[in-house]
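Peer 1: Attaching a single structure in structure tokens format; questions to follow.
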Amino acid sequence: MHFFRPVNIIRLKNKTRVNKSERPYLWMRLTHSIAVQPEGCTMNQIHAMRVFVRVADTESFRRAAQQLDVSNALVTRAIAMLEAHLRTRLINRTTRNLSLTEAGTRYLEGCRALLEELDHLESAVTHTEGEPSGTLRVVASSALSLLTLTPLIDGFRKLYPKVNVRLTLAERHVDLVEDGYDVGIVTAFMVSSTALVERPVGNNALVPVATPAYLAEHGTPATPTDLQSMPSVGLPSEIRSSSWHFRHRHGAADQVALAPVYSVNSALMVRLATMRDMGFSILPEGIVNRDIADGTLVRLLPEYTIDDPEMKVSIVYPGRQYLPAKTRFFIDYALERLTQEVTSASSKPDEIYRPTPPAFKPAPGAGVTPAVTSATHH
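Numbering-wise, the numbering used here comes out as the position in the sequence shown, counting from 1, plus 3.
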């Protein structure tokens, strides 16, 4: 049996003492204890467990090192010392991939439970004696308005100024664990992992919009099928299906397929293209509600709503990974604020109903021009 004792140094081969100024990345956020090995080396047990869990989650020593912001050698050394301490192999390694042994699978389950309890304990102390700190990595759907995300981040940082937030906007599928994010504020099509905890926020309502100048040239649609003969702009088909389901306030449903004359993988750029009269578009209400309010854009087919389960907004995070205080506090804060905003912003047919617009009259010579597709990086 090996005994554990608190220490404030780490012993390495050929080097008796390593202080913080020399090797800061070797120091654990928690300096609870170390395990003394028979060979004379020492290991921070909690640190090694965290490294092991991250390697198991990412299925890669290299990705684990990147996410932990340490060297590959340090990750390899931590796993090797952990296996030496346990006197059993936890990970089967090959040149191409790695997998957990039977013992590794059992140990991983125990590590997750232990680290979660440990972090809950630390968070309780932090909540009363200090405040969350560090960098919080958040990925969010760009379908959410910047007028939503910016006040959200600003409000959170006013409460917890020691937390730095790194926000990434995305349109495509994201892998929170592999990409190293702590929290995601995403729509349904962006994530598919069953390993994530999902906290529903609400539906990000979609609305068809166009500029007054565009409608003067191409006419005002009276039914969803009228949209099929009008130039549109939107997201590429690999991001968003070209089929749209409209439902009338009295229950009738229409399904239409649109072929954008210009597609780009950014909802914000779709909005800009719409405002330049390049076509009508179907966008999240949060992005265009102010444009509609000031008359820059006109909402089309106001007696219809669009059914799209893929636009359900959720806050997601790795479910079986320990949650630092900064992550848990942000989740609670964002869930409350976003739920209020999405609920208040979502229109209902009875609330937005207006008299039916004049019948659709396409302008002479108006038609759909050949499609042009461009892409931006997220």
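All C-beta atoms, glycine included, are put in the ideal place defined by N, C-alpha and C. Keep in mind the model is a prediction, meaning the values are calculated, not measured.
#1: Just the C-alpha distance for L162 and N206, rounded to the nearest angstrom, thanks.
#2: Cα separation between R302 and Y110?
#3: Quick check on DSSP: helix, strand or coil for N268?
#4: What do you reckon, are the CB atoms on V180 and P321 nearer than 9 Å?
#5: Quick one: which unbroken alpha helix (DSSP H) runs of 4-plus residues sit fully inside the region 188-240? Chain order, please.
#6: Count the other C-beta atoms from every protein chain shown that fall within 10 angstroms of the C-beta of L286, then say buried if there are 16 or more, exposed otherwise.
#7: Do L271 and I295 have their C-beta atoms closer together than 9 Å?
#8: Quick one: measure Cβ to Cβ for L139 and V177, integer angstroms, because I've assumed they're closer than 8 Å.
#9: Figure out for me which residue from G183, K165, A191, V166 has the closest Cα to the Cα of R175.
#10: Can you find the residues in the same chain that come closer than 7 Å, C-beta to C-beta, to E86, ignoring five residues on each side of it along the sequence?
#11: Just to confirm, is the Cβ distance from A173 to M193 under 9 Å?
#12: DSSP on A396, reduced to helix/strand/coil?
#13: Name the DSSP beta bridge partners of F283, please?
#14: Going straight from the alpha carbon of Y28 to that of L71, what length do you get?
#15: From what residue to what residue does the alpha helix (DSSP H) around N75 run?
#16: Straight-line CA distance for R57 to A208?
#17: Contact defined as beta carbons within less than 8 Å: I believe S284 pairs with S235. What is the distance between those atoms, to the nearest angstrom?
#18: Per DSSP, which residues does F332 bridge with? Please list them.
#19: For D280 versus E220, is the C-beta spacing smaller than 9 Å?
#20: Alpha carbon to alpha carbon, how far is N100 from H123? Give it in angstroms, no decimals.
#21: Bridge partners for G137 per DSSP, in chain order?
#22: Residue range of the alpha helix (DSSP H) that R53 falls in?
#23: Which of the three DSSP states, helix, strand or coil, is assigned to Y356?
#24: Below 8 Å, is the gap between the Cβ of R331 and the nearest heavy atom of the ligand SAM?
Peer 2: The structure says:
#1: The straight-line gap from Cα to Cα measures roughly 27 Å.
#2: Answer to the nearest angstrom: the Cα atoms are 56 Å apart.
#3: Three-state DSSP puts N268 in coil, outside helix and strand.
#4: Their beta carbons are under 9 Å apart, which means V180 touches P321 by this criterion.
#5: Listed in chain order, they are 215-221.
#6: That one is buried.
#7: No, Cβ-Cβ distance for L271 and I295 is not below 9 Å.
#8: Taking C-beta atoms under 8 Å as the contact rule, L139 and V177 fail to qualify, at a distance of about 16 Å.
#9: The option with the nearest alpha carbon to R175 is A191.
#10: Excluding positions up to five away in sequence, the list reads R92, L93.
#11: Yes, the Cβ-Cβ distance between A173 and M193 is below 9 Å.
#12: Absent from the structure is residue 396, since the part of the chain shown begins at 4 and ends at 381.
#13: Here F283 is bridged, per DSSP, to S235.
#14: In this prediction, Y28 scores a pLDDT of 34, lower than 50, which makes its location untrustworthy; no coordinate-derived value is stated.
#15: Going by DSSP, N75 is part of the alpha helix (DSSP H) stretching over 75-89.
#16: Going from the Cα of R57 to the Cα of A208 covers about 36 Å.
#17: Sure, about 6 Å apart at Cβ, within 8 Å.
#18: By DSSP's assignment, F332 forms no beta bridge with any residue.
#19: Closer than 9 Å, so yes.
#20: Going from the Cα of H123 to the Cα of N100 covers about 33 Å.
#21: In the DSSP output, where bridge partners are listed per residue, G137 has V166.
#22: Its alpha helix (DSSP H) spans residues 48-61.
#23: Unreliable positioning characterises Y356 in this predicted model, as indicated by a pLDDT of 33, which lies under 50. The coordinate reading is nonetheless provided below. In the three-state reduction of the DSSP assignment, Y356 falls in the coil class, being assigned neither a helical nor a strand state.
#24: Absence of the ligand SAM is noted for the structure shown, with no ligands found whatsoever.
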